[in-house]
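**Student:** Mapping to my numbering: the sequence shown position 338 is 354, numbers consecutive.
Beta carbons are placed, not taken as given, at the ideal position from N, Cα and C, and that holds for glycine.
Note that the coordinates shown come from a computational prediction; the quantities given were computed from them, not determined experimentally.
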Amino acid sequence: MDDRYDVVVIGGGAAGLAGAVALARARRSVLVVDAGEPRNAPAGGVHNHLGREGSPPAELLASARADVTGYGGHIVDATVTTVGHDDDGFRVALADGRDVRARRLLVATGGVDALPDVPGLADRWGRDVLHCPYCHGWEVRDRRIGVLADGPLGVRQALLWRQWSQHVLLLRHHGDAPDPTQAEQLAARAVTVVDGPVTGLDVDDDRLTGVRLADGSLVRVDALVVASRVAARADMLAPLGLKPVDVDHEGQLVGTRIPADAFGATDVPGVWVAGNATAVAATVVVSAAQGVTAAGAINADLVAEDTARAVAAYRHDLATMFEQDAWEDRYRSRPAVWSGNPNPQLVAEVGDLPAGRALDVGCGEGADAVWLARRGWRVTAVDIAPTAVDRTAAHAADAGVADRVTARQADLRVEAPEAGAYDLVSAQFMHLPAGQWRDLVARLADAVAPGGTLLLVGHHPLDLRTTARRMHFPDLMFTAEQAADLLDADRWRVRVAQTRPRAAVDPDGRDVTVHDAVLVAHRLP
Numbered sequence: 017m018d019d020r021y022d023v024v025v026i027g028g029g030a031a032g033l034a035g036a037v038a039l040a041r042a043r044r045s046v047l048v049v050d051a052g053e054p055r056n057a058p059a060g061g062v063h064n065h066l067g068r069e070g071s072p073p074a075e076l077l078a079s080a081r082a083d084v085t086g087y088g089g090h091i092v093d094a095t096v097t098t099v100g101h102d103d104d105g106f107r108v109a110l111a112d113g114r115d116v117r118a119r120r121l122l123v124a125t126g127g128v129d130a131l132p133d134v135p136g137l138a139d140r141w142g143r144d145v146l147h148c149p150y151c152h153g154w155e156v157r158d159r160r161i162g163v164l165a166d167g168p169l170g171v172r173q174a175l176l177w178r179q180w181s182q183h184v185l186l187l188r189h190h191g192d193a194p195d196p197t198q199a200e201q202l203a204a205r206a207v208t209v210v211d212g213p214v215t216g217l218d219v220d221d222d223r224l225t226g227v228r229l230a231d232g233s234l235v236r237v238d239a240l241v242v243a244s245r246v247a248a249r250a251d252m253l254a255p256l257g258l259k260p261v262d263v264d265h266e267g268q269l270v271g272t273r274i275p276a277d278a279f280g281a282t283d284v285p286g287v288w289v290a291g292n293a294t295a296v297a298a299t300v301v302v303s304a305a306q307g308v309t310a311a312g313a314i315n316a317d318l319v320a321e322d323t324a325r326a327v328a329a330y331r332h333d334l335a336t337m338f339e340q341d342a343w344e345d346r347y348r349s350r351p352a353v354w355s356g357n358p359n360p361q362l363v364a365e366v367g368d369l370p371a372g373r374a375l376d377v378g379c380g381e382g383a384d385a386v387w388l389a390r391r392g393w394r395v396t397a398v399d400i401a402p403t404a405v406d407r408t409a410a411h412a413a414d415a416g417v418a419d420r421v422t423a424r425q426a427d428l429r430v431e432a433p434e435a436g437a438y439d440l441v442s443a444q445f446m447h448l449p450a451g452q453w454r455d456l457v458a459r460l461a462d463a464v465a466p467g468g469t470l471l472l473v474g475h476h477p478l479d480l481r482t483t484a485r486r487m488h489f490p491d492l493m494f495t496a497e498q499a500a501d502l503l504d505a506d507r508w509r510v511r512v513a514q515t516r517p518r519a520a521v522d523p524d525g526r527d528v529t530v531h532d533a534v535l536v537a538h539r540l541p
């Protein structure tokens with residue numbers, strides 16, 4: 017178990033595990049905290065669950081847990097005591113003293129069934145004391161079914177269970193007598209009304225055989241239907257201000273729920289809820305569906321937050337990455353940043369040119385400057401980072417061409433190079449925000465002497481389609497044609513404006529093809 021997650025899921029039932037699987041498949045870091053108190057534990061099987069009909073609840077949960085961990089999610093058997101706000105989301109405190117942090121919460125704590133005050137009900141709950149005909153009706157079909165009226169819904173429940181058996185009794189218990197319309201409906205469906213409170217159960221050989229009334233009489237039934245009140249487990253949410261509200265159905269209190277919208281979002285930003293904690297009547301498959309729905313909403317919310325953070329970082333990088341401090345930090349971070357080899361397009365285009373004065377823009381560690389100097393060029397090597405300038409000077413000295421290389425620190429965006437002074441101006445992979453780039457190209461073009469050559473090489477936008485992992489700043493990349501459009505056609509003859517493929521290896525060691533945007537232009541005399 018780590019101490020920080022994208023999502024902490026509180027509750028390891030159908031809703032929580034289904035949500036956790038969806039989130040883990042979305043590559044979110046997920047922790048499920050499971051107190052091990054599934055509401056359906058007493059039931060013999062899960063029903064109306066497509067493809068898993070009749071599966072024992074424990075078997076289904078074990079399979080779902082394996083799904084969660086199989087996708088990289090984490091599960092811890094523990095109880096959450098409190099949940100509070102944290103600087104970056106929420107702090108989840110566990111009963112064993114551990115804390116975990118979460119950016120988002122999915123509450124799937126389920127509910128606790130409060131049964132009518134009849135001795136023995138809890139011992140038979142989920143076996144032959146039942147509540148849902150869609151969950152248990154088939155298993156007791158055609159048997160003697162008693163429906164314990166504990167409020168206005170008693171008549172409706174009796175008529176509903178009549179679908180599964182002809183032998184249904186309405187046990188009035190403490191409920192009101194049916195009104196004339198209800199009495200007629202019950203009579204028409206052959207449902208017998210039994211007056212008097214139920215005081216206990218009759219059990220023989222671990223099997224329900226009947227109910228005892230207050231007058232001592234025994235009413236033979238094989239199954240007893242009760243209306244439980246499902247109370248949402250939510251005590252741990254009190255510090256967040258989340259409290260359950262009553263759920264009323266046709267005048268009868270049927271439980272409490274944590275209020276949420278159709279996607280499970282609560283009134284507390286960052287907290288979602290699914291399953292019986294918010295829907296008292298949700299079955300296993302419905303709870304699972306709610307978990308998946310909430311997971312989708314949570315992931316979308318995290319995507320929006322991740323995007324906002326990325327935009328802020330992107331803007332910060334654009335504002336800082338081309339400045340002296342950023343480049344200086346990059347060079348100081350390692351002994352050598354570049355390969356030490358001259359750029360291939362420089363070699364291809366300048367090898368046959370007569371030597372003269374050259375301006376190497378963004379000289380880096382001097383590989384291009386030294387290559388030019390060895391061929392007789394007198395090179396002014398310029399970089400914004402002092403460490404790069406020092407390395408260029410050292411490289412030139414080691415190569416024995418220090419007398420032909422002048423290494424100088426300058427920011428050519430603010431300090432224009434000498435106009436008309438160079439027979440060659442080479443800018444290899446000089447990428448800047450669009451406005452700065454256009455201005456710099458104009459300054460570099462002015463620095464070319466009549467009859468001289470301007471060589472601009474950059475990463476082509478096509479490289480963003482590869483796995484080469486170029487800096488992902490689409491507006492900073494350019495094509496040769498875009499560079500050519502910046503030159504005055506009356507002063508320049510464009511000799512080369514091409515996209516040239518080049519073999520490379522991506523960060524994962526795969527062979528890829530990258531593309532250089534290459535502009536070679538001759539300044540007219």
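1. Are the beta-carbon atoms belonging to alanine 546 and alanine 304 less than 8 Å from one another?
2. Look at the alpha carbon of valine 510 and the alpha carbon of histidine 538, and state the distance between them as a whole number of angstroms.
3. Count the other C-beta atoms from every protein chain shown that fall within 10 angstroms of the C-beta of histidine 531, then say buried if there are 16 or more, exposed otherwise.
4. Mapping DSSP to helix, strand and coil, what is glutamine 179?
5. Ordered along the chain, which non-local residues of its own chain (more than five positions away) have a Cβ less than 8 Å from that of tyrosine 150?
6. If you count every other CB in all the chains shown that lies within 10 Å of the CB of aspartate 399, and 16 or more means buried, which is it?
7. CB valine 135 to CB glycine 191, shorter than 8 Å?
8. What residues match up with threonine 98 in a beta bridge as DSSP calls it?
9. Just reading off the alpha helix (DSSP H) that serine 583 is part of, what are its end residues?
10. Answer yes or no: do glutamine 201 and leucine 176 have a C-beta to C-beta separation smaller than 8 Å?
11. Using 8 Å for Cβ pairs, my map puts alanine 499 next to leucine 456. What's the rounded Cβ distance?
12. For the alpha helix (DSSP H) holding leucine 456, just list the boundary residues, first then last.
13. What would DSSP say about alanine 310, mapped onto helix, strand or coil?
14. Where do the ends of the beta strand (DSSP E) carrying tryptophan 288 lie?
15. Taking 8 Å as the cut-off, does the region 478-496 touch the region 512-528 (at least 3 CB pairs, one atom from each stretch)?
16. Check this for me: beta carbons of glycine 380 and alanine 124, under 8 Å apart or not?
17. Who are threonine 422's beta bridge partners in DSSP?
18. Between the Cα of alanine 371 and the Cα atoms of Trp393, Ala409, Val163, which residue gives the shortest distance?
19. Does the region 35-43 come close enough to the region 76-94 to have 3 or more Cβ pairs within less than 8 Å?
20. When the Cα of asparagine 357 is compared with those of Asp283, His411, Gln340, which residue comes out closest?
21. Per the DSSP calculation, proline 517 is bridged to which residue(s)?
22. Kindly identify the DSSP beta-bridge partner or partners of aspartate 93.
23. Using three-state DSSP, classify histidine 411 as helix, strand or coil.
24. Grouping DSSP H, G and I as helix and E and B as strand, with all else coil, what is tyrosine 87?
25. Assuming the contact rule is C-beta atoms closer than 8 Å, valine 528 and threonine 483 should be a hit. Round their C-beta distance to whole Å, please.
26. Less than 8 Å between the beta carbons of glycine 89 and valine 49, yes or no?
27. Could you please give the first and the last residue of the uninterrupted beta strand (DSSP E) stretch that includes histidine 65?
28. Would arginine 526 be called buried (16 or more neighbouring beta carbons within 10 Å of its own) or exposed?
29. May I ask you to list the residues that DSSP assigns as paired with histidine 147?
30. According to DSSP, glycine 226 sits in a beta bridge with which residue or residues?
31. My understanding is that glycine 105 touches alanine 118, with C-beta atoms under 8 Å, so please give their C-beta distance in whole angstroms.
32. Looking at leucine 428 and arginine 454, is the spacing between their C-beta atoms short of 8 Å?
33. Output needed for tryptophan 180: all residues of its chain with C-beta closer than 8 Å, excluding positions within five of it in sequence on either side, in chain order.
34. Can you check DSSP and say which residues form a bridge with leucine 472?
35. Taking Cβ to Cβ, would you say aspartate 19 is nearer than 8 Å to serine 45?
36. Look at proline 466 and leucine 334 and say whether their C-beta atoms are less than 8 Å apart.
**Tutor:** Concretely, from the data shown:
1. Given a span of 17 to 541 for the chain in the structure shown, any question on residue 546 remains unanswerable.
2. 6 Å
3. buried
4. coil
5. His63, Asn64, Thr299
6. buried
7. First, the residue type needs correcting, since residue 135 is proline and not valine in the sequence shown. Against a cut-off of 8 Å, the Cβ pair of glycine 191 and proline 135 comes out as no contact.
8. Ala109
9. Because the chain is modelled from 17 through 541, residue 583 falls outside the range shown and cannot be assessed.
10. no
11. Their Cβ separation, rounded to whole angstroms, is 11 Å, which puts alanine 499 and leucine 456 out of contact at 8 Å.
12. 450-463
13. helix
14. 287-289
15. yes
16. no
17. Thr396
18. Trp393
19. yes
20. His411
21. His531
22. Asp50
23. helix
24. coil
25. 6 Å
26. no
27. Run containing histidine 65: none; DSSP gives neither H nor E here.
28. exposed
29. Answer is none; histidine 147 lacks a bridge partner.
30. Asp218, Arg236
31. 5 Å
32. no
33. Pro149, Gly153, Trp154, Val156, Arg157, Asp158, Ile161
34. Ala443, Leu535
35. no
36. no
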